Amino acid sequence: MTAFFEANMDILLFAGAAAAKALVFLGAIMGFTGLLTLAERKVSALMQDRIGPNRAAVFGLKLNGLFHPAADAIKMIFKEDFVPGRAEKLLFTLAPLFALVPVLALFAVIPFGDYVMVFGYKLDLLIADLPLGLFFVLALSGMAIYGTFLAGWASKNNFALLGAMRGAAQMVSYEVVLGLTLVGLMMIYGSAALQDMVRAQGALLFGCVPAWGVVCQPLAFILFLTAAIAENKRGPFDLVEGESEIIGYFMEYSSMRFAAFMFAEFAEIVLVAMLTATLFFGGWQVPYLYETGFIFPGGGALSLNHYLVSAMQVAAFSAKTVFFAWFLLVVRWTLPRFRFDQLMSLCWKALLPLALLNILLTGAVMLALGKL
Amino acid sequence: MISVKKVHNKPLNLLERIYLWEIARGLSVTMRHFFVNLFNPKGIPTVQYPENVIPLPGNARLRTRHRLKVRADGSPKCVACFLCQTACPAMCIHIEAAEYTDNFVEKYPAVFDIDLARCVMCGMCVEACPEDAIAMDTQNIPGAAAARENLMLNKETLLGNLPGEPSTEGAANRLANEYLAARGDE
Chain Y
477 MTAFFEANMD ILLFAGAAAA KALVFLGAIM GFTGLLTLAE RKVSALMQDR IGPNRAAVFG
537 LKLNGLFHPA ADAIKMIFKE DFVPGRAEKL LFTLAPLFAL VPVLALFAVI PFGDYVMVFG
597 YKLDLLIADL PLGLFFVLAL SGMAIYGTFL AGWASKNNFA LLGAMRGAAQ MVSYEVVLGL
657 TLVGLMMIYG SAALQDMVRA QGALLFGCVP AWGVVCQPLA FILFLTAAIA ENKRGPFDLV
717 EGESEIIGYF MEYSSMRFAA FMFAEFAEIV LVAMLTATLF FGGWQVPYLY ETGFIFPGGG
777 ALSLNHYLVS AMQVAAFSAK TVFFAWFLLV VRWTLPRFRF DQLMSLCWKA LLPLALLNIL
837 LTGAVMLALG KL
Chain B
164 MISVKKVHNK PLNLLERIYL WEIARGLSVT MRHFFVNLFN PKGIPTVQYP ENVIPLPGNA
224 RLRTRHRLKV RADGSPKCVA CFLCQTACPA MCIHIEAAEY TDNFVEKYPA VFDIDLARCV
284 MCGMCVEACP EDAIAMDTQN IPGAAAAREN LMLNKETLLG NLPGEPSTEG AANRLANEYL
344 AARGDE
């Protein structure tokens, strides 16, 4: 047995580290997603001069509504798990999984830090360092369409099917824009691995400005954020669900199956926030912070412990994620919903040409700078 | 002659059609509200009802929790005629009538229950009452309770009176006043 461990030390360490990272990172995301369901209600309340939910209490302890996500979960679990008589039972059950699993799998390629040395073992702070991470992101976010469409189809309900048609059309359309906006980033950073892209964003432009994606690709940032919100079926593009007016694809769902769709949607908010931070706002990069400590462009330097640097980088990534998650909530509660024809014309007539223009401009600038 | 209002929708200029600047303006409004309320929660006008109750504006003419009026001798004005129970669209009133031993003129309610959990505050019981015995002027807004039992009003609660009552005047009290005068108590 010992011989087996010694012979396979590398692979066992790798597997153990990956499992530990997945547990910690996914656990943090699950917790954050749960809190986000509360944050959505609290943020919207504060924006509308209200207080928001604050009644759920444990032993008389209210904590300003902190127990509401738990109360919601318990309520969802105890609701009747209803399946329509004519529904396709298997697909009806699979649809929430198709919505949830790709989103959770996507977190594997998000780098939440550079690396940290643990007992001499170099631990990369991301779960799967795929060389084609960006394509993995696009492929799996395409999978989420199956969740939407299967839900509408398997319900055998015409209104749910119509909602699913709207959803599928919207997601397929914005998928195109999402992919094309990221081409410019790949051209600049010369890699499709997210960790490489984040490392490349640590460089300085003109000696002082961090080379974050938003500085190099401002147009792509706006296009990406718009397309990502639409892909997420939120914000001003939530006519797939249309909570109060038009019926969405999950109208036949109840109990935990419905909760899976809602959880997937909130996890997607976290994902979009993380992707925005990773691709356009330097991921875990803190401006002027390098492996050994701060090196300011003016010439000043501050040497820091390796663990402190790593902690600061993870904290920076968390702060950026929280900021963008909050920003997505604010956008959702500010902008009026688009009509479906407006949604489609925005995608095909505005965003798609602009995404192509962005690729052209990026190529032209790179050619002029002699980097192509 | 139908008056026609002609709306001049001005075409959007370039900045508005790009939409981003307008989004930023909208976001600035909502974010301002968010941060103002975040750092100054006391400014939010929400009242934590039912723990906190704000006084109603003076002389507010609104239908509030019911009460039963009483006569000068403390007996209820209600004669248990069941008109309010019949008129009630929510069927929240339950009356059981009884007879006075020494008074053959009228009945009185032995039981008078109102289930506020069912009451729709329509005021039809007040309209229906021929004796002016039930009123909705306590200035007490019902609606929130931790248990259903707390929303059940019985005769004793309903007879809790406002200052200024009881009234011995009015045509509705004629029989009762005559009876009281004949008995010679007052």
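Chain order of the listed sequences is Y and B.
My numbering applies: residue 477 is where the first sequence begins, and numbers increase by one.
My numbering applies: residue 164 is where the second sequence begins, and numbers increase by one.
No residue lacks a Cβ here, since even glycine has one placed at the ideal position from N, Cα and C.
It should be emphasised that the depicted structure is a prediction, and the values quoted were computed from it without experimental measurement.
Of the residues the options, which one's Cα is nearest the Cα of residue i?
i        : options                                : result
Asp486/Y : Ile586/Y, Ala584/Y, Tyr597/Y           : Tyr597/Y
Val557/Y : Leu830/Y, His782/Y, Met820/Y, Met732/Y : Per the sequence shown, the amino acid found at residue 557/Y is Asp instead of Val. Taking only the C-alpha atoms, the option nearest Asp557/Y is Met732/Y.
Pro204/B : Glu767/Y, Phe734/Y, Arg526/Y           : Arg526/Y
Ala308/B : Lys240/B, Phe197/B, Asp278/B           : Asp278/B
Pro773/Y : Pro686/Y, Phe799/Y, Leu542/Y, Ala581/Y : Pro686/Y
Ala801/Y : Asp548/Y, Ala704/Y, Val594/Y, Lys497/Y : Ala704/Y
His782/Y : Gly776/Y, Leu765/Y, Lys796/Y, Pro694/Y : Leu765/Y
Leu614/Y : Thr657/Y, Trp629/Y, Leu599/Y, Asp590/Y : Thr657/Y
Ser649/Y : Asp605/Y, Leu580/Y, Lys825/Y, Pro812/Y : Lys825/Y
Cys292/B : Ile304/B, Leu231/B, Gly323/B, Ala187/B : Leu231/B
Leu819/Y : Arg710/Y, Phe568/Y, Ala676/Y           : Arg710/Y
Pro763/Y : Glu741/Y, Gln789/Y, Ser779/Y           : Gln789/Y
Glu259/B : Gln248/B, Phe267/B, Ser166/B           : Gln248/B
Pro239/B : Ala273/B, Asp300/B, Pro220/B, Leu201/B : Ala273/B
Phe799/Y : Ala831/Y, Gly769/Y, Phe508/Y, Pro572/Y : Phe508/Y
Ile505/Y : Glu741/Y, Pro572/Y, Leu811/Y           : Glu741/Y
Tyr622/Y : Ser720/Y, Leu573/Y, Val653/Y           : Leu573/Y
Please state whether the Cβ-Cβ distance between residue i and residue j is less than 7 Å.
i        : j        : result
Ala280/B : Leu314/B : yes
Leu616/Y : Pro560/Y : no
Glu707/Y : Met647/Y : yes
Ala668/Y : Phe588/Y : no
Trp688/Y : Gly758/Y : yes
Cys282/B : Ala253/B : yes
Val585/Y : Leu670/Y : yes
Asn317/B : Asp276/B : yes
Glu452/Y : Ser631/Y : Residue 452/Y is absent from the structure shown; chain Y starts at 477 and stops at 848.
Thr193/B : Val806/Y : yes
Ala547/Y : Phe737/Y : no
Leu599/Y : Ala495/Y : no
Val521/Y : Gly528/Y : Val is not the amino acid found at residue 521/Y; the sequence shown has Ala there. Cβ atoms of Ala521/Y and Gly528/Y: closer than 7 Å.
Which same chain residues, not among the five before or five after residue i, have their C-beta less than 8 Å away from its C-beta?
i        : result
Phe481/Y : Leu488
Thr478/Y : none
Leu828/Y : Val652, Val653, Leu656
Name the chain B residues whose beta carbon is nearer than 7 Å to that of residue i?
i        : result
Arg526/Y : Ile207, Thr209
Met523/Y : Thr193, His196, Phe197
Val519/Y : Phe197
Thr810/Y : Gly189, Leu190, Thr193
Is DSSP giving residue i helix, strand or coil here?
i        : result
Ala351/B : Outside the shown range of chain B (164 to 349) lies residue 351/B, about which nothing can therefore be said.
Lys796/Y : helix
Asp236/B : coil
Ser779/Y : strand
Glu349/B : Here the model assigns Glu349/B a pLDDT of 46, short of 50, so the residue's position is not dependable, and the following value carries that caveat. Note: Glu349/B maps to coil in three-state DSSP.
Ile258/B : strand
Ala787/Y : helix
Ile277/B : strand
Lys598/Y : strand
Pro773/Y : coil
Met315/B : strand
Arg815/Y : coil
Ala334/B : Annotation note: pLDDT 48 at Ala334/B (below 50); position unreliable, coordinate value reported separately. Looking at Ala334/B - three-state DSSP - the assignment turns out to be helix.
Pro272/B : strand
Tyr665/Y : helix
Val762/Y : coil
Leu201/B : helix
Val648/Y : helix
Pro545/Y : helix
Arg675/Y : helix
Leu322/B : coil
Val642/Y : According to the sequence as given, residue 642/Y is Arg; it is not Val. Helix.
Who are the Cβ neighbours of residue i in its own chain at under 6 Å, not counting the five residues just before and after it?
i        : result
Leu751/Y : none
Met287/B : Ala250
Gly643/Y : Thr624, Val716, Tyr725
For residue i, go through chain B and note every residue whose CB falls closer than 9 Å to its CB, in chain order.
i        : result
Trp824/Y : None at all; the shortest Cβ gap to chain B is about 16 Å.
Val594/Y : Per Cβ cutoff of 9 Å: no residues; Val594/Y is ~38 Å from chain B at best.
Among residues of its own chain, excluding the 5 on either side of residue i, which ones have a beta-carbon nearer than 7 Å to its beta-carbon?
i        : result
Ala334/B : Low confidence applies here, because Ala334/B scores a pLDDT of 48, under 50, leaving its location unreliable and the question unanswered by this model.
Pro712/Y : Leu811, Pro812, Arg813, Phe814
Arg913/Y : The structure shown does not extend to residue 913/Y, since chain Y is modelled only from 477 to 848, so the question has no answer here.
Check the Cβ of residue i against every Cβ in chain B and list those closer than 8 Å, keeping chain order.
i        : result
Ile698/Y : Leu183
Could you work out which residues of chain Y lie near residue i, taking near to mean beta carbons separated by less than 7 Å?
i        : result
Asn200/B : Leu522, Asp525
Ile186/B : Leu811
At a cut-off of 6 Å, is residue i close to the ligand MN when judged by its beta-carbon and the heavy atoms of the ligand?
i        : result
Ser821/Y : Although the ligand MN was asked about, the structure shown includes no ligands whatsoever.
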